[in-house]
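Participant:
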Amino acid sequence: MKNIYFLLLPLLMSAYSFGQTVIYTQDFETLDTGYTASSTEGSGGTDVFNRVNPNIGGNSSYIWAVEDTNVTPATITLNQIDVTGYSDFTFSIDMLTRHYNDWDDSDTFSITYSLDGGSTQNLLWVRNAGGTFNQAASLDTDFDGIGDCGSGILPALTTGTSGCTVTENTFATFSSSTITLSGNSTLDIVLSFNGFTSADEGIYLDNISVSANSSACSASLSAKTPVCDNITVGTDTYSTTFDFLNGTETDAFTVAVSAGSASVSTISADGLITVTGINEGTDVTITLTNENCTLTQTTVSPTCEPAITSCFDISNGAEKFEMFTVATNSDNDVWTESSGTYNMNGYCGGGCEEVVNTWLLFGPLDLTSVSDLALKFNAQENFGDTPLAINYTTAYSGCPDTTSWSLLQTITESDEGDVEIDLSALTGTAVFIGIQYYDDGVDGYSNWDLSNVELTTYNNCPVLGARPTSDCPTLSIVDSEQREFSIFPNPTSTGFVNIISAHSEAISVNVYDMLGKQVINETIANNRLNVSTLNAGVYIMKISQGNTTTTQKIVIK
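Shown next as structure tokens:
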């Protein structure tokens, strides 16, 4: 079992050792690799100065053995160890002596070092315990030529007391104090041996190691403001620049980026690093590394979009929605506006199942040279029964129920909150936007509030033309005149409905689907309307006779 000895207090040593990097090792497993011996002799455990494998002291691999040799003084040199970028180093070595009582004062083992080819300085000494002959070997921590007993005592193959007491008989690790570096680049270490010329005078070495702490990084990296390459509604690219200051670093830095392309792959002097071709919405991280430093900076993607222009504030501006009612219930529920909020609630009492068809309308809009138009509003819904249909048309007839509409989007309770309707595909010089609230009341009615309504664009705004005069008659389920129509069967699956009036004039009938598209336009004289071409569903039937007009829901089965 190997014992470990330190020159410094354990707590202090652990503070220095924490985070150290091993920069050199020598275990003598490979001949003449990483070391240079001044000479060699022998190949066993005695009469030797060489790399051997004697299987002693708990070590079954190769070691360096010195015993009863004829080649001393002799040296082992560990040269040109790279210490660039390190602030200090510590040397350690495993040692074991031949016997506890065979070192003379002429037997010396000294370890010295030099930095960048400079003067030689002491690192570790091993001497006998102070007598002239036959003493135990120990570290000489004050370099006065006399070994110190205690924690510095070296183990031996035999144990006992001679100047110092030796109790261990296996290899133990000994470490130097921490040596400060000051921007040095090379470290040379020399192991020097004198004496050891008599039988049983010997020392065995293994597992030499040099550990170092990295110097504080003197370089720095800072990010500058990113710049968009283009300002468009789509995904653009951007560039960003980082300011690098090298400080006193001597090693070049490798440059890596998480996105885009860097202007350099390595850098070793103060300068700028530009990263280009980064997609908008993608943050970029740059990492610079060398032996001593790792520098990282992240730039958050800018928003490369043109400024949004509010063309029409339909809630709080001068131009608001026009409100049209195609069919209302017996409660006369219609769209209303108060303080910029548009409200519609078709509820007409318990058990009430009456068709409600009421609209918000904005137009005509000239969209020449307009792109990226959007309708934005905040929608709040209660009761979850009535969807809102967002429509547009380029051929408004003067009344929603006689206009053919195209559906843009349906808004339900799940869309509550801020809503944005994309109108960028619309073209024309007289475009109308229509929001329809339609429900027959069978499953109840919703209560909708629309606020913060506006038309926005990134570019040119549309031009609002003259608002049209309503060409819608006042409609209701209840005949406002004293004229009544009898409609049956309703619902119908026969392919026709009968429309009976007490008057003899011709009856004009218009039938619309739920999007307001006219599907039948006939004048009947025989009190019967052919509906065989209609699909199953709910329709609105507008009946006119003389000066009287009314609407009625009709159900096709």
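In numbering that gives the first Met the number 0, the protein residues as written are 0 to 556.
All C-beta atoms, glycine included, are put in the ideal place defined by N, C-alpha and C.
Let me know if H502 comes out buried or exposed under the rule of 16 or more other beta-carbons within 10 Å of its beta-carbon.
Facilitator: By one-based count along the sequence shown, residue 502 stands at place 503. With fewer than 16 other Cβ atoms within 10 Å, it is exposed.
Participant: Which term fits G345, buried or exposed, when burial requires 16 or more other beta carbons within 10 angstroms of its beta carbon?
Facilitator: For the purposes of this step, residue 345 is identified with residue 346 of the sequence shown, where counting begins at 1. Result: buried.
Participant: Considering only their Cβ atoms, is the gap separating A326 from V354 smaller than 8 Å?
Facilitator: Here residue 354 is taken as the residue at index 355 of the sequence shown, counted from 1. Here residue 326 is taken as the residue at index 327 of the sequence shown, counted from 1. Yes; because the gap between Cβ atoms is below 8 Å, this pair is in contact.
Participant: Please name the residue or residues paired with Q134 in a DSSP beta bridge.
Facilitator: Residue 134 sits at position 135 when you count from the first residue of the sequence shown. DSSP, once it has assigned bridges, lists W102 as partnering Q134.
Participant: Taking 8 Å as the cut-off, decide whether the C-beta atoms of P53 and L95 are in contact.
Facilitator: Here residue 53 is taken as the residue at index 54 of the sequence shown, counted from 1. Here residue 95 is taken as the residue at index 96 of the sequence shown, counted from 1. Not closer than 8 Å, so no.
Participant: Identify whether S403 lies in helix, strand or coil by the three-state DSSP scheme.
Facilitator: By one-based count along the sequence shown, residue 403 stands at place 404. The answer is coil: DSSP assigns S403 none of H, G, I, E or B.
Participant: Go ahead and label Q435 buried or exposed: buried means 16 or more other beta carbons lie within 10 angstroms of its beta carbon, across all protein chains shown.
Facilitator: Reading the sequence shown from its first residue, position 436 is the one you call residue 435. With 16 or more Cβ atoms within 10 Å of its Cβ, Q435 is classed as buried.
Participant: At which residues does the beta strand (DSSP E) containing W334 begin and terminate?
Facilitator: Here residue 334 refers to the residue found at position 335 of the sequence shown. No beta strand (DSSP E) holds W334; DSSP gives it neither H nor E.
Participant: Determine, using beta carbons only, whether T166 and T172 come nearer to each other than 8 Å.
Facilitator: Along the sequence shown, one-based indexing puts residue 166 at 167. Along the sequence shown, one-based indexing puts residue 172 at 173. Not in contact: T166 and T172 (Cβ atoms no closer than 8 Å).
Participant: Report the three-state DSSP secondary structure of S221 (helix, strand or coil).
Facilitator: For the purposes of this step, residue 221 is taken as residue 222 along the sequence shown, with counting starting at 1. Strand, per DSSP.
Participant: By the DSSP assignment, the beta strand (DSSP E) with K552 in it spans what residues?
Facilitator: Taking the first residue of the sequence shown as 1, we reach residue 552 at position 553. Counting along the chain, the beta strand (DSSP E) containing K552 begins and ends at T547 to I555.
Participant: My understanding is that K552 touches D442, with C-beta atoms under 8 Å, so please give their C-beta distance in whole angstroms.
Facilitator: As a working mapping, residue 552 is identified with position 553 in the sequence shown. As a working mapping, residue 442 is identified with position 443 in the sequence shown. Contact flag wrong, Cβ pair sits at about 14 Å.
Participant: If you measure between the beta carbons of E453 and S300, is that distance less than 8 Å?
Facilitator: Along the sequence shown, read from residue 1 onward, the residue named residue 453 stands at position 454. Along the sequence shown, read from residue 1 onward, the residue named residue 300 stands at position 301. Their beta carbons are not under 8 Å apart, which means E453 does not touch S300 by this criterion.
Participant: Can you tell me whether N328 is buried or exposed, with buried defined as 16 or more other CB within 10 angstroms of its CB?
Facilitator: Sequence index remark: in the sequence shown, residue 328 carries index 329 (1-based). That one is buried.
Participant: State buried or exposed for I207, treating a residue as buried only when at least 16 other CB atoms are found within 10 Å of its CB.
Facilitator: What you label residue 207 is simply residue 208 of the sequence shown in a count that begins at 1. It is buried - the Cβ of I207 has at least 16 other Cβ atoms within 10 Å.
Participant: How is G151 classed by DSSP in three states: helix, strand or coil?
Facilitator: Along the sequence shown, one-based indexing puts residue 151 at 152. Three-state DSSP puts G151 in a helix.
Participant: On the three-state DSSP scale, how would you describe D269?
Facilitator: For this step, residue 269 is matched to residue 270 along the sequence shown. Reduced to three states, the DSSP call for D269 is coil.
Participant: So is A524 buried or exposed if we call it buried at 16+ other beta carbons inside 10 Å?
Facilitator: As a position in the sequence shown, residue 524 is number 525, starting the count at 1. Exposed: under 16 other Cβ atoms inside 10 Å.
Participant: Please classify L271 as buried or exposed, where buried requires at least 16 other C-beta atoms within 10 Å of its C-beta.
Facilitator: Position 272 of the sequence shown holds residue 271. L271 should be labelled exposed.
Participant: On the premise that W334 lies in contact with L366, defined as a C-beta separation below 8 Å, what is that separation, rounded to the nearest angstrom?
Facilitator: Along the sequence shown, read from residue 1 onward, the residue named residue 366 stands at position 367. Along the sequence shown, read from residue 1 onward, the residue named residue 334 stands at position 335. Contact doesn't hold; Cβ gap of about 25 Å is too wide.
Participant: Can you tell me the Cα-Cα spacing of R563 and Y203, whole angstroms?
Facilitator: The question about residue 563 has no answer, for the chain in this structure spans 0 to 556.
Participant: Would you decide whether Q134 is buried or exposed? Buried here means 16 or more other CB atoms lie within 10 Å of its CB.
Facilitator: Sequence index remark: in the sequence shown, residue 134 carries index 135 (1-based). With 16 or more other Cβ atoms within 10 Å, it is buried.
Participant: Are there 16 or more other CB atoms within 10 angstroms of the CB of E419, so buried, or fewer, so exposed?
Facilitator: Residue numbering aside, residue 419 sits at position 420 when the sequence shown is read from its first letter. The residue in question, E419, is exposed, as its Cβ has fewer than 16 Cβ neighbours within 10 Å.
Participant: Under 8 Å between the Cβ atoms of T273 and T240?
Facilitator: As a first step, residue 273 is located in the sequence shown; it is residue number 274 there, counting from the start. As a first step, residue 240 is located in the sequence shown; it is residue number 241 there, counting from the start. It is a contact, given that the beta carbons lie within the stated cut-off.
Participant: For N49 and S118, what's the separation of their Cα atoms in angstroms?
Facilitator: Position 50 of the sequence shown, counted from the start, is the residue given in the question as residue 49. Position 119 of the sequence shown, counted from the start, is the residue given in the question as residue 118. About 28 Å.
Participant: Do N121 and T131 have their C-beta atoms within less than 8 Å of each other?
Facilitator: As a working note, residue 121 is residue 122 in the sequence shown. As a working note, residue 131 is residue 132 in the sequence shown. No, Cβ-Cβ distance for N121 and T131 is not below 8 Å.
Participant: Pick out whichever of E412, T357, S403 and S423 has its Cα sitting closest to the Cα of E380.
Facilitator: Here the question's residue 380 lines up with position 381 in the sequence shown. With distances taken between Cα atoms, E380 lies closest to E412.
Participant: Quick check: the Cα distance between N356 and G316, rounded to an integer number of angstroms?
Facilitator: Here residue 356 corresponds to residue number 357 of the sequence shown, with the count starting at 1. Here residue 316 corresponds to residue number 317 of the sequence shown, with the count starting at 1. Their Cα atoms are separated by approximately 26 Å.
Participant: Which residues bound the beta strand (DSSP E) around I498?
Facilitator: Within the sequence shown, the letter at position 499 stands for residue 498. Where I498 is concerned, the enclosing beta strand (DSSP E) stretches over F495 to S500.
Participant: Is the distance from the Cβ of I22 to the Cβ of V189 below 8 Å?
Facilitator: Counted from its first residue, the sequence shown places residue 22 at position 23. Counted from its first residue, the sequence shown places residue 189 at position 190. Contact: no.
Participant: Going by beta carbon distance, what residues of the same chain come within less than 6 Å of T392, once the five residues before and after it are set aside?
Facilitator: Within the sequence shown, the letter at position 393 stands for residue 392. These residues qualify, in order along the chain: T402, W404 and F431.
Participant: Between which two residues does the beta strand (DSSP E) holding I188 run?
Facilitator: On the sequence shown, residue 188 is found 189 positions in, with the first residue counted as 1. Element bounds for I188: T185 to N193.
Participant: Would you mind sorting D139 into buried or exposed? The rule is 16 or more other CB atoms within 10 Å of its CB.
Facilitator: Stepping through the sequence shown from its first residue, residue 139 is reached at position 140. When all chains shown are included, D139 counts as buried.
Participant: Ordered along the chain, which non-local residues of its own chain (more than five positions away) have a Cβ less than 8 Å from that of Q544?
Facilitator: One-based indexing of the sequence shown puts residue 544 at position 545. If we look at Q544 and ignore the five residues flanking it on each side, its Cβ neighbours are R482, F484, S500, H502, E504, A505, I506 and S507.
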